[in-house]
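Numbering (the working numbering), first residue to last: 210 to 575. To start, the structure under review is shown below, and the notes come after it.
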Ligand SMILES: [Zn+2]
Ligand SMILES: [Zn+2]
């Protein structure tokens, strides 16, 4: 079928809206009409070349939700008409990582992403016979996409699809970092460095888990005010004060620190806000080849640093839980969407994301 999509020719190029060919889903795949796709820092990392995530030319976008239009051979669920969120952690179920209970590290999916294709290594997208790569098996800056069935989670139809899209990446990552990776306990003191899409969901995850102090750190007042709306108890503007000193003064230190920016400087700062026995969780993705220099002193106080990928999330367990949390009013998503755009608005909106403006822009289709 012919579809409209935003194509990126290479690192640093601009999106161009083009007509592409999309093949039918093969065995174990699903054709989805995209309803919404959030603009995430991982997309920006691919555009700017901070991380090598996909060969070019490519259709990127990965924080998405939509409606199932067609299923490939052997697919029994989802069914045509089901509403689904799409995920960057599909899994094959048979590789060593899948069999050892770490499906988020599925090597079949990893290999597929490396070559910009589906699990068989081929892409369903082309332009006049030339292969167009599919980003992270999702490629959602397009009217339609073919995805692996294990990357789809069915959601109830009362869940609005634009807000569901946010769950598929920013919310799972942020909430999951708190609930699954760090396992924040009620009554804890928490600091969060960076209040973008993921940071705000770390904050609301900490609220949902009953943290008593949640200190939000950012350099823009707009994001700090959003942080307050979703649950921060204290705000620190790092463009005005030293965030380490400010947090020490507010709480004496925290039990759990989170860094959501993937920057060496803020990781070093977040580390110094951790109190005796506490933990820093690194949620922001560092650029390829990055090295960290941190103060070694705190290790004697049994402080630790933990890595985090995709909030250690379990799609089938966590997505239904988060959808229910939204529908019951506990998880705030309406507040996080700062603009809704079309395919032709991607270039401008990514420039805003680059400069730290707004929380989340979402690409929406009618
Ligand atoms: Zn993302
Ligand atoms: Zn696997």
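Backbone N, C-alpha and C define an ideal beta-carbon position, used for all residues, glycine too.
Could you pull the start and end residues of the alpha helix (DSSP H) that residue i belongs to?
i	result
residue 557	555-563
residue 532	524-536
Using 10 angstroms around the beta-carbon of residue i, count the other beta-carbons present and answer buried if the total reaches 16, otherwise exposed.
i	result
residue 482	buried
residue 540	buried
residue 462	buried
residue 396	exposed
residue 303	exposed
residue 288	exposed
residue 447	buried
residue 348	buried
residue 256	buried
residue 277	buried
residue 365	exposed
Measure the C-alpha to C-alpha separation of residue i and residue j and round it to an integer number of angstroms.
i	j	result
residue 517	residue 468	10 angstroms
residue 548	residue 570	5 angstroms
residue 574	residue 292	15 angstroms
residue 564	residue 296	26 angstroms
residue 524	residue 362	7 angstroms
residue 475	residue 402	7 angstroms
residue 585	residue 418	Because residue 585 is not part of the residues shown, which for the chain are 210 to 575, the question remains open.
residue 217	residue 413	33 angstroms
residue 367	residue 535	11 angstroms
residue 333	residue 212	12 angstroms
residue 229	residue 521	35 angstroms
residue 506	residue 478	13 angstroms
residue 283	residue 452	54 angstroms
residue 504	residue 514	12 angstroms
residue 526	residue 306	18 angstroms
residue 259	residue 223	16 angstroms
residue 423	residue 560	29 angstroms
residue 376	residue 532	8 angstroms
residue 437	residue 431	10 angstroms
residue 321	residue 497	19 angstroms
residue 274	residue 317	23 angstroms
residue 171	residue 268	Given that the chain is displayed from residue 210 to residue 575, the structure contains no residue 171 and the question cannot be resolved.
residue 426	residue 343	35 angstroms
Hey, could you find the ends of the beta strand (DSSP E) residue i is sitting in?
i	result
residue 412	Per DSSP, residue 412 belongs to no beta strand (DSSP E); it is in the alpha helix (DSSP H), 406-417.
residue 488	483-491
residue 214	211-217
residue 399	398-402
residue 226	224-231
residue 572	569-573
residue 193	Residue 193 is absent from the model: the chain starts at 210 and stops at 575.
residue 521	Here residue 521 belongs to no beta strand (DSSP E), and DSSP marks it neither H nor E.
Worksheet item: When a residue counts only if its C-beta is closer than 6 angstroms to some heavy atom of ligand 1, which residues count, in chain order?
Response: 249, 251, 271, 272 and 378
Worksheet item: At which residue ranges does the segment 357-385 contain complete beta strand (DSSP E) runs of 3 or more residues, listed in the order of the chain?
Response: 361-364
Worksheet entry | Whole runs of the alpha helix (DSSP H) within the segment 421-472, excluding any shorter than 4 residues | 430-439 and 452-460
Worksheet entry | Segments of 3+ residues assigned as beta strand (DSSP E) that fall wholly inside the segment 241-315 | Counting only runs of 3 or more, we get 272-280 and 292-295.
Item to complete: Taking 5 angstroms as the limit, tell me which residues put their C-beta closer than that to any heavy atom of ligand 2, in chain order.
Response: Those satisfying the condition are, in chain order, 300, 301, 304, 307, 315 and 317.
Worksheet item: Can you list the alpha helix (DSSP H) stretches of 4 or more residues lying completely in the segment 318-354, in chain order?
Response: none
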